[in-house]
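All remarks here apply to the structure that follows.
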Amino acid sequence: MIITLTDLTTSTELIRRQYNAASGGGGIDPRFSFNGDSYYTPQ
-6 MIITLTDLTT
4 STELIRRQYN
14 AASGGGGIDP
24 RFSFNGDSYY
34 TPQ
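So in my numbering, spot 7 of the sequence shown is number 0, and the numbers just go up one at a time.
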């Protein structure tokens, strides 16, 4: 999943987050925790 925040007036990409929760994805955001076969946010 890719999430982007774009300023449409200037076409500037302000924030881009990419999450790979697939088996062996490893590129998960550090704000997520892993339990069993699922990722979750502890907060």
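The beta-carbon is built from N, C-alpha and C at its ideal position, and this holds for glycine as well.
Pairwise C-alpha distance: residue j and residue i
{"i": "Asn13", "j": "Met(-6)", "result": "7 Å"}
{"i": "Asp0", "j": "Leu7", "result": "7 Å"}
{"i": "Ser26", "j": "Thr5", "result": "31 Å"}
{"i": "Arg10", "j": "Leu(-2)", "result": "9 Å"}
DSSP state of residue i mapped onto helix, strand, coil
{"i": "Phe37", "result": "Residue coverage of the chain in this structure runs from -6 to 36, which leaves residue 37 outside it and unanswerable."}
{"i": "Leu7", "result": "strand"}
{"i": "Leu(-2)", "result": "strand"}
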